Amino acid sequence: MSDPAFGERFRVRPGERLRLADHDPAYKGRHTDKEEAREETAHYARRLRELQYLLYAEGRHGLLICLQALDAGGKDGTIRHVLGYMNPQGCRVQAFKVPTPEEAAHDFLWRAHRATPGRGEVVIFNRSHYEDVLVVRVHEWVPKRVWKGRYARINEFEALLAENGTRILKFFLHISPEEQLRRFERRLEDPRKQWKISEADYAERPYWDAYQAAYEEALTRCSTKQAPWYVIPADHKWFRNLAVSKIVVDHLEALDMRLPEPRVDLDEIRRKYHQVAKADPE
Ligand code: AMP
Ligand code: MG
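Heads up: the sequence shown runs through residues 2 to 283, numbered per the working numbering.
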């Protein structure tokens with residue numbers, strides 16, 4: 002069921018100007034609903050588990066997944082879905098909040114760099130170093146010449162990681178303003194979700210267009226061959242989960258990973274500790 006063509010539809014091609022208005026947040030492809038997509042979703046969930054095991058065992062590559070979205074865009078749900086099937090040993094989530102005083106005392110990539118995956122590891126960035134060309138740009142917390150320079154810094158940083166064996170996949174979870182408001186309302190009415198609501202969420206809504214413009218520029222400038230951006234239709238949570246896991250699986254499959262050869266003579270070990278003689282094939 003490997004389907005590399007699937008991701009192509011959502012990938013931002015290097016050199017091409019992204020226009021989010023051309024991307025339907027409610028897109029669900031040939032699928033009708035969650036129920037109909039269940040089997041395929043389960044297939045990719047299983048593959049994620051198997052491939053993460055291989056990545057960990059082989060220890061040649063790291064995988065860095067960057068998730069960006071507006072509030073209620075579905076980052077937490079995507080993390081639960083993608084990591085939910087993996088072995089916690091070898092996986093980590095790194096959240097990017099308002100920089101701490103220590104983080105703010107360093108360059109903007111410092112906190113990202115120290116959180117990157119080592120070989121064999123999977124790390125998901127819940128928000129990322131891109132916040133420094135998104136929220137920071139929208140609110141003009143640094144001068145334009147500063148954030149403008151950051152796209153090139155980000156591309157160099159990601160090229161460095163890629164050269165060192167890190168696979169980088171970046172997903173923008175694209176929702177509509179109407180869907181965002183519905184999700185806020187649901188949070189407001191669901192006692193289990195009320196803790197998530199903050200007035201800051203509503204305060205960002207008037208900046209919707211500024212955010213779309215900031216995302217368009219970031220994704221246009223920073224989608225590269227070695228670190229592609231994907232625009233994921235995210236109004237339907239089940240489609241979002243399917244799309245992200247499918248794209249991650251396709252990239253991991255392309256790594257052509259193998260379990261390492263045993264580092265010992267298995268027959269000798271069997272003879273020595275299990276008193277089992279090697280079966281004679283004759
Ligand atoms: P949440 O992900 O909902 O827990 O919120 C984290 C908040 O931190 C969001 O409002 C982000 O925009 C904000 N944030 C993340 N990175 C930065 C940054 N580099 N500068 C300023 N705010 C940031
Ligand atoms: Mg929030």
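Backbone N, C-alpha and C fix where the C-beta goes; we use that ideal spot for every residue, glycine too.
Note that the structure is predicted; figures quoted are calculated from it, not measured.
Subject >> C-alpha gap between I66 and D4, whole angstroms >> reply: 19 Å
Subject >> Assumed close pair V83, V245 - CB separation to whole angstroms, cut-off 8 Å >> reply: 6 Å
Original post:
For S129, does the count of other Cβ atoms within 10 angstroms reach 16, so buried, or fall short, so exposed?
Top reply: buried
**OP:** Let me have the residue list for the ligand AMP: C-beta closer than 6 Å to any non-hydrogen atom, ordered along the chain.
**Re:** F97, K98, V99, P100, R128, E132, D133, V136, V137
**OP:** Whole angstroms is fine: what's the gap from F185's alpha carbon to V143's?
**Re:** 29 Å
Subject >> Nearest-angstrom Cα separation, counted from R154 out to W148 >> reply: 10 Å
Original post:
Quick one: Cα of Q53 to Cα of L260, how far?
Top reply: 11 Å
Original post:
Per the contact definition of three or more C-beta pairs closer than 8 Å, is the stretch 85-99 in contact with the stretch 36-56?
Top reply: yes
Original post:
In terms of residue numbering, what span does the beta strand (DSSP E) encompassing A96 cover?
Top reply: 92-96
**OP:** Within its chain, find whatever has a CB closer than 8 Å to the CB of V124; leave out the 5 residues flanking it on each side and keep chain order.
**Re:** G63, L64, L65, I66, C92, R93, V94, Q95, A116, T117, P118
Original post:
Relative to the C-alpha of E56, which residue among E269, R271, V250 is closest?
Top reply: It should be noted that the sequence gives Leu, not Glu, for residue 56. It is V250.
**OP:** Give a yes or no on contact between the stretch 192-202 and the stretch 251-271, applying the rule of three or more CB pairs nearer than 8 Å.
**Re:** no
**OP:** Answer with buried or exposed for Y216, where buried requires no fewer than 16 other C-beta atoms within 10 angstroms of its C-beta.
**Re:** buried
Subject >> Cutoff 7 Å; reference A163; Cβ partners in own chain excluding five residues on either side >> reply: I169, Q227, A228
Subject >> Separation of A6 from W230, as counted between CA atoms >> reply: 15 Å
**OP:** To the nearest angstrom, report how far apart T221 and L19 are at their CA atoms.
**Re:** 6 Å
Original post:
Which first and last residues belong to the alpha helix (DSSP H) in which F158 is found?
Top reply: 145-164
Subject >> Burial state of D210 (16 or more Cβ within 10 Å) >> reply: exposed
Original post:
Excluding sequence positions up to five away, which residues of its chain have a Cβ less than 8 Å from the Cβ of E59?
Top reply: G121, M258, R259, L260, P261
**OP:** Leaving aside the five residues before and after Y45 along the sequence, list all residues of the same chain whose C-beta is less than 6 Å from its C-beta, in chain order.
**Re:** S246, K247, V250
Original post:
Alpha carbon to alpha carbon, how far is G150 from H32?
Top reply: 41 Å
Original post:
Exposed or buried, D72, counting other C-beta atoms within 10 Å across all chains shown (16 or more means buried)?
Top reply: buried
Subject >> N-terminal and C-terminal residue of the beta strand (DSSP E) that P1 is part of >> reply: The shown model of the chain, from 2 to 283, leaves out residue 1, and the question about it has no answer.
Original post:
With 16 as the cutoff for other CB atoms within 10 Å, does R138 come out buried or exposed?
Top reply: buried
Original post:
Which word fits T167, buried or exposed, when buried means at least 16 other C-beta atoms lie within 10 angstroms of its C-beta?
Top reply: buried
Original post:
Between which two residues does the beta strand (DSSP E) harbouring H111 extend?
Top reply: It is Trp, not His, that sits at residue 111 in the sequence shown. Taken as a continuous stretch (DSSP letters only), W111 belongs to no beta strand (DSSP E), being part of the alpha helix (DSSP H) at 111-114.
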